[in-house]
Structures are given as C-alpha cells and as structure tokens.
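This report refers to the structure that appears directly beneath it.
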Amino acid sequence: QVALKKMPLRKRSRKELVVNEIRVMKENRHPNIVNYIDSYLVDEDLWLVMEYVDGGTLTSVLVRVFIDERMIAAISKE
1 QVALKKMPLR KRSRKELVVN EIRVMKENRH PNIVNYIDSY LVDEDLWLVM
51 EYVDGGTLTS VLVRVFIDER MIAAISKE
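Just so we're aligned, residue 1 is where the sequence shown starts under UniProt numbering, counting upward by one.
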C-alpha cells in the first residue's frame, strides 16, 4: 500500500520549497518516518507517492492526543 499526496503547484508562490522538501525526503530514510517513494508532475499538480501509515493523518492524531513541549522536543531531535 502507498499514500498519495496531491500538491497543487499553481497556488504555491515558493515552488523551490517543494523541490527542497522532496530532495530532503529522498535523502533521508528512517524506520520511524514516512518514507518517500516517488513523485510525478501532472499538469500543475505534483503527486507524491509515500509509504502508507495506518492510523490517520498527523493532524488527526495531534487533535486527539496532547503532546507536551518536552515530548515534541524529543521527537524533533530524533
């Protein structure tokens, strides 16, 4: 299974940030992060293919679970 993320580029003023994000995802693989698989440009939309992670989006998890600053710092450090 994979997850697809559609990123409309026509609405983005800083496209170089998207390109940089893809470069960083390509270069960094870790068992505790969602890994990048591939990307495709279709018209003005960028489609990212990433590893599928069960459990919903990060936003939905953060809404349900309170994480204090120390935990955020520890996760970010990893």
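Quick reminder that beta carbons are idealized off the backbone N, C-alpha and C, glycines included. Quick caveat, the model's predicted, so the values are computed rather than measured.
According to DSSP, is residue i helix, strand or coil?
i: residue 116; result: Because the chain is modelled from 1 through 78, residue 116 falls outside the range shown and cannot be assessed.
i: Glu51; result: strand
i: Val18; result: helix
i: Met5; result: It should be pointed out that residue 5 corresponds to Lys in this sequence rather than to Met. Residue state, collapsed to three classes: strand.
i: Val65; result: coil
For residue i, count the other beta carbons within 10 Å of its own beta carbon; 16 or more makes it buried, fewer makes it exposed. Which is it?
i: Tyr36; result: buried
Who are the Cβ neighbours of residue i in its own chain at under 8 Å, not counting the five residues just before and after it?
i: Ser76; result: none
i: Ser39; result: Ile22, Leu46, Trp47, Leu48, Val49
Roughly how far, in whole angstroms, is the beta-carbon of residue i from the beta-carbon of residue j, given that I think they are within contact range, below 8 Å?
i: Glu44; j: Leu17; result: The pair is not a contact, with the Cβ atoms about 16 Å apart (cut-off 8 Å).
Next item on the list: Please confirm if the region 3–15 is in contact with the region 41–54, defined as three or more CB-CB distances below 8 Å between the two stretches.
Entry: yes
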